[in-house]
Every structure is written in C-alpha cells, then in structure tokens.
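K.L.:
Residue numbers (this note's numbering), protein chains in the order written: chain A, 737 to 1542; chain B, 165 to 330.
Using N, Cα and C, we set each Cβ at its ideal position, and we do this for glycine too.
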C-alpha cells in the first residue's frame, strides 16, 4: 500500500454521508438570488388573477356587479361562483371530507372569504378591477365564540348541510357541529377518577395561530388547449396530491396534469391544502387560454388560508397522592372555522391528538373531540407539527405541571415518576399507539444536569421570598417540557389522503461515471433535502454525496409521493431512499462478484465498494461497478443501475425531547426575558447534525412566537384584528432568545436507518416549555393556569388579577 | 395609465424602463429587469425580503416607487458576489454557518448585512441583531444568521472567526 492510498477515515469522509455536517448544496443558488420560486415564473402572455374578498364575517351575497370592473383597462374577466358552476367547480372537496366554497355561493362565512376572481393583464390592473366590483351584502348574525356554536339559537352557518345529520366522521349533534371523535375506555377512565387520591381539571386553550411562511401561497396555471394539458407551478408541499385532486375535481386526465413545486419559501403546513386561488387560476387559464398567476398577499395569507390550532382542551388527570398518574380524561372543543378543511389523514378528524397521553405510562384514558363551525377562516393545518400533536403535547404538559402544583411536587420529579420506561418499548398507549423506542429519563436527567436544575429551583425559592418581602418586582419561572411526537404518517393500514395510502418513494439512477440522480416523492420547503437525501445514498452505496443530484417537486419525473409535512419526510421518504439504495447495492454486488470472479457471498461491503472476504486487496469500487453496469453485466442480467422503492412504513416514529426554559418577568410591566433555553432532542439516527440544529433553532423560534404573542384574533363582529405583520407577532433577531441544543440517540427499531424526524419537535416541545415557564413564574402567587399567548400585556394582566398591585 | 421613463444604475449597469407612477421598485426590479432574487414577503415594509441598497442605504423596495429611484444607484443580491463570480464573504458565511433554510429571506438579509458591515465593519452580536431587525426569517431562528455575519465580518477584516460557544 503506497502513501497515496486514502485511509478508511478519508474514504468515509469523502462520501459526506450520514452524520456529516455537510454544507448545503441549495445555498449556492439561494445566496446569489438564483432560487426559482413560484412568483419568479414568468410565461409569455401571462395574466394575473386576484380576489374580491368579503368585508363581512357572515352575510348573504345578494348580487355581484362586475360591469364596471370589466371596463377597467387590462381587466379581462371577473369569475364568480356562477361562472364556476358552469364547470361544476363552485365548491371543492376538502381533505377532511367536507366541502368548501371556491367562491362565495349565496353567502359568505368568514371575513376575507373569496367572492370573485378578477383576471387582468398585470397585478395592478387586477387590483383596479377589484376596486370596481360591487357586491351587495345582507349582514347576518356572526358566530365567533366557539363555546356558543352549539347553543340552540346559534346562527345557522352551513345552509348547504341542512338536514344532514351525519358528516364524514359520523353523527352531527347540531347544525354547527361537524363531528365527535372519541378514543379510549370511558368506563375504566371514570373508575380511575373515582378511585383517585388527587384530581385536577383545567380548560387549556391553544389559541388560533398561523404558519405564515415568508413566501405566501401562490401558483401559475397554464392550460394548453391544443394538447389539453394543464401545467401548474405552485407552492405545494404535496405536489402529487395536488395533481390527483385536480384530476378528480377538474376532470382532466391525470397524465395531462403537470404539477411543479419549484423552490418553496417555507411551508410549515400552510402549503399542504388546496385553496380557491389554485382552482380559480386554473379555471381562468382554461377560459382565457393564457397562463394565469395568482399570488396571495400577506393579509390574505393570514386571514384566509389555513390557520392552525384553535383547540379548547378540558384536561383532567387522576393520580395517587405519591404522584403516580392513574388516568387522563380530555374533551376538546375544536374550532374549525367555516369549513372543515383540516389537512389530516382521512380517518383522523382530530389528527393524532390521541398522543395526548404524552411520554407517560398512563393506564387508562378517554378522549372526546367535538369539531364545530364558526365564522372564521377554514384550515386547521399541522403548523410545524404532526397532525394536532402540538396541541396534544401542550395539553398534557400543562396538565402535568398543574398536577405537580396541586401535589406540591417538582414538575420534573413528577415527570420522572411517570415516564414510560425503556424496557416498556414497544409501548402500547391507553389511546392506541405503539411507541417504537425511547429513553425518556436519560434525556430528562441530562438536560436537568446541563441547566443545573436544582440550583435554579433554589434561586427561584430565594427570589420568591425576596418578592414577598418586597425587595424585588421580578419573578422567575422554570418551564419544563417533555414531549413525545408521533410522526411519519404513515402506515397504509391507518393513514391515507383521499384514499391514497401515505407511503413515500424514491427512484435512484446511477450513471456510468459513478454519479447519479435521485428523485423523491417528498418536497423540501427549506429542510435541505437536496443535501441530506444525498447523504443517505452516499452512506448506503458509497457514491459521494456531491455526485448525487436530488430532484423533487416535478410530478412528471418524481415517483408518486405524499409530500413533506408532519415530519414525515425522513421517516417515510428517507426510508424509501435507503431501500432504493439497497436494491442498487444488491445488483451492484452481483456485478462485482461477476467482475471479481467470486461468488456474491464471498463479498463484503467496505465503505465505497465491495471487497473479497479475506482478500482485502481484491476490491471493486462502486464507481467502477457503475461503469461495469453499462458494459459488462453478468450474462442474463439487464444493464443499467437503477431502482425504485415505494415505502409503506410499518409504524410511525416517536421522536422525543426534554426542554427547559428559564424566564424572568417584571410584574409591573409584564416584560419577560428568556434567560436560558435548553433543548435536548432525540430524533434517532442523525443524518446531518448541522441541519438538525438549524431545524431546532427555527422550530423553537416559531414556538416562542406562538407561546409569547402570536395570535389570529377575531373581534365580536368576526373581523380579524391581527391580519398583518404589524399586529401578528413575528419575532425579529432582537426578541428571539439564544438557543442551546443537545441530543441523545435512540434509533427507531423499525426504520431502515433508524431515523425519526426532527423538524417539528421544537415547535411541539417548545410551546409548553415557554408557557410552563410563565405559569411556573406566577404559580406562587396563586394561579393554576394562564392562557397563551403570554405577551407583555397579558402578563401584566395576570399579575394584576393575582393582586400584586394591591 | 401614463408611463414615465426612468433610468438608474442597478448592480453597476445603466438600466432604463417605462413604468407607471405607482409601480413599486420591487416590481420594476423583478418584472421589468427580471432580477428575481429580491423577494416579496409582506408588501407592508415589515419582513425585509425585498431589501435592496439604494444610494448606500438599505430600503425595502416594496414601499419605494420605481420613479423615486430615478437616477439612483441600486445594489441587489445579484450584485453581491465577487467580481470573479465567487461567493462574497457574506454569501460564504451564510453557507458555512447554515444561515439559511428556505432561502426566501436570504437575499434581503444578505443585502441588509452588506450595508450593516459597510457602516459597522466589526459589529457585536447585539449590534448585528439590531441591525437586521428589519428583516424577518421564519426558518433559522436568527442565531446562525448572526454567526454568518460574524464570519463575513472576520473574513473581510482579516481577523480570526471563532464560532461562539453553544
């Protein structure tokens, strides 16, 4: 062996495979302004469409006058529900089994609802046209408060559902009721509560928020009349699903629909669903024969497309006086707005909210969710969380703190006492899930040690005493949060969207010179798939990541996939990538055996190629195998080196983590300061630690925004009062705390590479950590639960209500 | 609507065009000049995705009329790279420090950071955070953006960049 021969470490490093902090390939174009986002698409003759929207939250639409608008220079068409009825598209199906108006049909049900679509030569002319469309409204009583939705005299919102006593998820109890979903054993749970030493009950609300990625929802639709083909460039997190939806509702053959998701400027769940803008732009293109672009502005984004949360959760815990939890009972009043457009797998009207037992070994539990209509925007998307998991985590993590307070026990100690233990995995929860793996106590203790938890509690006790003596006006909170996520939807046995199983896919094709392309059914919106997917392949088949191009988002070239949301890309698409790579490796082994003139079983894998067992100098690199695949395969074998895998996961994955937030609050102003935030995540096998850390930072920042101020708020008339970035809290670099991160590694036993997914964990675990810190700070003054968001004003109000100004 | 003829220097090149008086600078850059690196995130001057440099000052081009930029010198993300086409220190810093994810805020953030470093070549962390507070990022949590700017500052000043301890 001469000195030039690379060492095994050098060969491994050259691959930049799994575990490497590989720099992102996307950044070369993004840092130079050379990304290609939807609004960058410019086609010859392209028109612009924009909406006339309702100023009312609930009103009858008496008439729409578009004559004056059509006189505006540049305005070509004004599309209304009447126009759409001619092509049977005035209403569209939602992912949740409901229907939704594309354009106001007879009435409007929320402020800024789409009423008419003005098509013009450019976006300025479209705006001019909008100003000239006259709509006659007759205002109707508005329903904003979800707790009044099922009053006997509540206004009837959905006249289209008159007489329908059954919805997509069973019986409806009231004209504003959508579904009731129950899980768990009620009788056993009731019995546990009767026997309990201690119980707590609290209404814990998770307010309405919005994912608001920096790029809004947008599309360009181009219909080719000669070919009968529709091409749609759009901000789609799930392009294949969009293609199938369009085929089903527009009756265009699916092979004549080309959906392209180019670079996407953030998604966070906002870009999963199908919105009226897409339908109207497509219809406008079909009608005019020209490409039509629709770009949402920020106010439209915040007020009309896809809110998240709005869950009002009444949580009860039963426990022994020693602090062992013996039962959980939760009722949720779920405010779905005007249409049930939740983006959940079809059979899950409340998503995976039944993960609400959290990280704890709770023997019995019962959950009931009532979904209701109000005069608010539809949506209910998984904003940086697997379906309703963040609501569930918030519910149980607040409830555990409230129980700890009642037991006069430290909240971390209560958690340690109730954790599912490592030897209990695979663990079957009382509400029906099989947790794959976990080591909760180790994670919790590690993070407690890092922040010197006992010392913090001592400091807090000292400060509380000083506060009571009148020596300080600052209070201190230590927020503890331990979450278990359920991600990677999902197994075909229980997860589908519109009947399509939630598998994912990968096709890898290797070229003669040892490079290749991987096409994947997922779609990055900033997660860096072009970087990380190549790392999986590099480790699996020994081709450097730099030599693998990853392509997503083109439905003509990518294999069918269900897209990227709910932290499903690594658990599902990531598995498909590994499985496709292994198929390639299996063929490569046959080629290598033939070329090395040995039996396949005499070969073993070694970093970037095969070597003959016992003869380490007799090797064939993957690069050489690629060449051989195109000129000298074994007799009877097809040439080429490519593979496709469609991966149907056997189970979900269950990432977890322990977060601690230390916060100081000035009671006289409500001003808080996050002194420290420590986040430990266990997402199983780590593909790119740099990207994981980036995901955690971003998710924590979104969690911080949600817990500490962000809110889509309506006034009594149904007006959105937080409809721009002036009012909707978006933290800048100044407000955003400094993040500290840590990890443990508990691989998923059923995933090909043991990875679990991480993108959403920090949002799921972060919100309760912040909220628990605020609640912990105030608890010694006599409060049990203060609702989010915890902005300065509300903190001040909380202090006032607790009598600190007396 | 009557159109006005405007000229300006964009990324060192003389450009001209016919615009309506109400045409926003960002639309002139993106649609007339096809410089699509400058993005639109809010249209209300909050998010900073549309930040460009106008006569040596950072402006949000979604709330500047194109006619207001008549005769001015504009620098956009497309003009940031080094003359030989290699990545400028800031661009390299964003990549090395993982200061971007979806990339949508990145052009505005880099153009803003460019001006910040012109005004203050060796800013502290607090000065960087305040200096980019007109630019929103939804993906990164800002921590790595701060590091990216520190990286660029050190590279330009010829000082050693030490990644802040986690």
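Return no unless some Cβ of chain B is closer than 8 Å to the Cβ of residue 755 of chain A.
P.N.:
Within the first chain, numbered from 1, the residue matching residue 755 of chain A stands at position 19. Output row for residue 755 of chain A: interface = no.
K.L.:
When the Cα of residue 1111 of chain A is compared with those of A:1076, A:1141 and A:1124, which residue comes out closest?
P.N.:
Here the question's residue 1111 of chain A lines up with position 375 in the first chain. It is A:1076 whose Cα lies nearest to the Cα of residue 1111 of chain A.
K.L.:
Any beta-carbon of chain B closer than 8 Å to the one on residue 1184 of chain A?
P.N.:
Here residue 1184 of chain A refers to the residue found at position 448 when the first chain is read from its first residue. No, because no Cβ of chain B sits closer than 8 Å to the Cβ of residue 1184 of chain A.
K.L.:
Check this for me: beta carbons of residue 304 of chain B and residue 1247 of chain A, under 8 Å apart or not?
P.N.:
To locate residue 304 of chain B, count along the second chain from 1; it is residue 140. To locate residue 1247 of chain A, count along the first chain from 1; it is residue 511. Contact: no.
K.L.:
Between residue 1413 of chain A and chain B, is the shortest Cβ-Cβ distance under 8 Å, so that the two count as touching?
P.N.:
Working through the first chain from its first residue, we reach residue 1413 of chain A at position 677. No, residue 1413 of chain A lies away from the interface with chain B (no Cβ there is under 8 Å from its Cβ).
K.L.:
CA-CA distance, residue 875 of chain A and residue 901 of chain A?
P.N.:
The residue labelled residue 875 of chain A in the question sits at position 139 within the first chain. The residue labelled residue 901 of chain A in the question sits at position 165 within the first chain. Looking at the two C-alpha atoms, the distance is approximately 27 Å.
K.L.:
What residue range does the beta strand (DSSP E) around residue 954 of chain A cover?
P.N.:
On the first chain, position 218 is the one that residue 954 of chain A refers to. Run containing residue 954 of chain A: 954-960, per the beta strand (DSSP E) assignment.
K.L.:
Should residue 1280 of chain A be labelled buried (16 or more other beta-carbon atoms within 10 Å of its own) or exposed?
P.N.:
Here the question's residue 1280 of chain A lines up with position 544 in the first chain. Result: buried.
K.L.:
Could you check if residue 1529 of chain A is buried or exposed, using at least 16 other CB atoms within 10 Å of its CB as the buried criterion?
P.N.:
As a first step, residue 1529 of chain A must be located in the first chain, where it is residue number 793. With fewer than 16 other Cβ atoms within 10 Å, it is exposed.
K.L.:
Closest by CA to residue 1143 of chain A, which one among A:1169, A:1163 and A:1053?
P.N.:
Within the first chain, numbered from 1, the residue matching residue 1143 of chain A stands at position 407. Taking only the C-alpha atoms, the option nearest residue 1143 of chain A is A:1053.
K.L.:
Would you kindly check if the distance between the Cβ of residue 1040 of chain A and the Cβ of residue 848 of chain A is under 8 Å?
P.N.:
Residue numbering aside, residue 848 of chain A sits at position 112 when the first chain is read from its first letter. Residue numbering aside, residue 1040 of chain A sits at position 304 when the first chain is read from its first letter. In this structure, residue 1040 of chain A lies closer than 8 Å to residue 848 of chain A by Cβ.
K.L.:
Of all the CB atoms in chain E, is at least one closer than 8 Å to the CB of residue 1460 of chain A?
P.N.:
In summary, chain E is missing from the structure at hand, where the protein chains are A and B.
K.L.:
Identify which residue in B:300, B:311 and B:316 has its Cα closest to the Cα of residue 1475 of chain A.
P.N.:
Position 739 of the first chain, counted from the first residue, corresponds to residue 1475 of chain A. Comparing Cα-Cα distances from residue 1475 of chain A to each of B:300, B:311 and B:316, the minimum goes to B:311.
K.L.:
Using alpha carbons as the reference points, say which of A:1249, A:1080 and A:776 lies closest to residue 1377 of chain A.
P.N.:
The sequence position of residue 1377 of chain A within the first chain is 641, counting from 1. It is A:1249 whose Cα lies nearest to the Cα of residue 1377 of chain A.
K.L.:
For a test of the three-state rule: what should DSSP assign to residue 1275 of chain A, helix, strand or coil?
P.N.:
The count along the first chain starts at 1 and reaches residue 1275 of chain A at position 539. DSSP places residue 1275 of chain A in helix when its eight states are reduced to three.
K.L.:
Could you check the C-alpha separation between residue 271 of chain B and residue 956 of chain A for me, to the nearest Å?
P.N.:
Start at 1 with the first residue of the second chain, and residue 271 of chain B comes out as number 107. Start at 1 with the first residue of the first chain, and residue 956 of chain A comes out as number 220. Their backbone Cα atoms lie some 23 Å apart in a straight line.
K.L.:
Using only alpha-carbon positions, find the residue among A:921, A:832 and A:773 that is nearest to residue 1167 of chain A.
P.N.:
In the first chain, the residue the question calls residue 1167 of chain A occupies position 431. It is A:921 whose Cα lies nearest to the Cα of residue 1167 of chain A.
K.L.:
Quick one: is residue 1475 of chain A near chain B, going by C-beta distance under 8 Å?
P.N.:
Translated into positions along the first chain, residue 1475 of chain A becomes position 739. Output row for residue 1475 of chain A: interface = yes.
K.L.:
Provide the residue span of the beta strand (DSSP E) that contains residue 934 of chain A, from first to last.
P.N.:
One-based indexing of the first chain puts residue 934 of chain A at position 198. First-last of the beta strand (DSSP E) with residue 934 of chain A: 934-945.
K.L.:
Give me, in chain order, the residues of the same chain whose beta-carbon lies closer than 7 Å to that of residue 744 of chain A; leave out the 5 immediate sequence neighbours on both sides.
P.N.:
The residue given as residue 744 of chain A occupies position 8 in the first chain. Within the same chain, residue 744 of chain A has close Cβ partners 1343.
K.L.:
Does residue 291 of chain B come out as helix, strand or coil in the three-state DSSP assignment?
P.N.:
Walking along the second chain from the start, residue 291 of chain B turns up at place 127. It is helical.
K.L.:
Output yes or no for whether 8 Å exceeds the beta carbon distance between residue 1379 of chain A and residue 1331 of chain A.
P.N.:
Counting from one through the first chain, the residue named residue 1379 of chain A turns up at place 643. Counting from one through the first chain, the residue named residue 1331 of chain A turns up at place 595. Result no, Cβ atoms of residue 1379 of chain A and residue 1331 of chain A do not sit closer than 8 Å.
K.L.:
Quick one: Cα of residue 314 of chain B to Cα of residue 878 of chain A, how far?
P.N.:
The residue given as residue 314 of chain B occupies position 150 in the second chain. The residue given as residue 878 of chain A occupies position 142 in the first chain. Approximately 52 Å, taken between the alpha carbons.
K.L.:
Looking only at C-alpha atoms, which of A:1165, A:1116, A:1092 and A:1058 sits nearest to residue 1147 of chain A?
P.N.:
As a first step, residue 1147 of chain A is located in the first chain; it is residue number 411 there, counting from the start. Of A:1165, A:1116, A:1092 and A:1058, the residue nearest in Cα terms is A:1058.
K.L.:
Applying a beta-carbon distance threshold of less than 7 Å, which residues of chain B neighbour residue 771 of chain A?
P.N.:
Translated into positions along the first chain, residue 771 of chain A becomes position 35. Per Cβ cutoff of 7 Å: 267.
K.L.:
When the cut-off is 8 Å and only beta carbons count, does residue 226 of chain B lie next to chain A?
P.N.:
Taking the first residue of the second chain as position 1, residue 226 of chain B is located at position 62. By this cut-off, residue 226 of chain B is not an interface position.
K.L.:
Quick one: which residues of the region 262-291 of chain B get their C-beta closer than 8 Å to a C-beta of chain A? List them in chain order.
P.N.:
Under the 8 Å Cβ criterion, the region 262-291 of chain B contributes 262, 264, 265, 266, 267, 268, 269, 270, 271 and 274.
K.L.:
Hey, does residue 1470 of chain A have any beta-carbon neighbour from chain B nearer than 8 Å?
P.N.:
For this step, residue 1470 of chain A is matched to residue 734 along the first chain. It does: the Cβ of residue 1470 of chain A has a partner Cβ on chain B nearer than 8 Å.
K.L.:
Any idea what DSSP makes of residue 1529 of chain A, helix, strand or coil?
P.N.:
Sequence index remark: in the first chain, residue 1529 of chain A carries index 793 (1-based). Here residue 1529 of chain A sits in helix by DSSP.
K.L.:
Would you mind working out which of A:868, A:1130, A:751 and A:750 sits nearest residue 801 of chain A, comparing C-alpha positions?
P.N.:
Along the first chain, read from residue 1 onward, the residue named residue 801 of chain A stands at position 65. The shortest C-alpha separation from residue 801 of chain A is found at A:868.
K.L.:
Residues of chain B with CB closer than 8 Å to the CB of residue 1261 of chain A, please, in chain order.
P.N.:
Taking the first residue of the first chain as position 1, residue 1261 of chain A is located at position 525. Those are 266, listed as they occur along chain B.
K.L.:
Compare the C-beta of residue 759 of chain A with all C-beta atoms of chain B and state if any pair is closer than 8 Å.
P.N.:
As a working note, residue 759 of chain A is residue 23 in the first chain. It does; some Cβ of chain B falls within 8 Å.
K.L.:
When the distance is taken between beta carbons, is residue 240 of chain B closer than 8 Å to residue 769 of chain A?
P.N.:
Here residue 769 of chain A refers to the residue found at position 33 when the first chain is read from its first residue. Here residue 240 of chain B refers to the residue found at position 76 when the second chain is read from its first residue. In this structure, residue 240 of chain B lies closer than 8 Å to residue 769 of chain A by Cβ.
K.L.:
Determine the burial state of residue 822 of chain A: buried for a count of at least 16 other Cβ atoms within 10 Å of its Cβ, exposed for fewer.
P.N.:
Here the question's residue 822 of chain A lines up with position 86 in the first chain. Exposed: under 16 other Cβ atoms inside 10 Å.
K.L.:
Using a Cβ-Cβ cut-off of less than 9 Å, list which residues of the region 304-318 of chain B approach chain A; keep chain order.
P.N.:
Answer set for the region 304-318 of chain B: 304, 305, 306, 307, 308, 309 and 310.
K.L.:
For residue 737 of chain A, collect the residues of the same chain with a Cβ closer than 6 Å to its Cβ; drop the 5 residues on either side in sequence, then sort them by chain order.
P.N.:
Taking the first residue of the first chain as 1, we reach residue 737 of chain A at position 1. Confidence in residue 737 of chain A is poor, its pLDDT being 48 and thus under 50, which makes the residue's placement unreliable; the coordinate value appears in the next sentence. For residue 737 of chain A, where only same-chain residues beyond five positions count, there are no Cβ hits under 6 Å.
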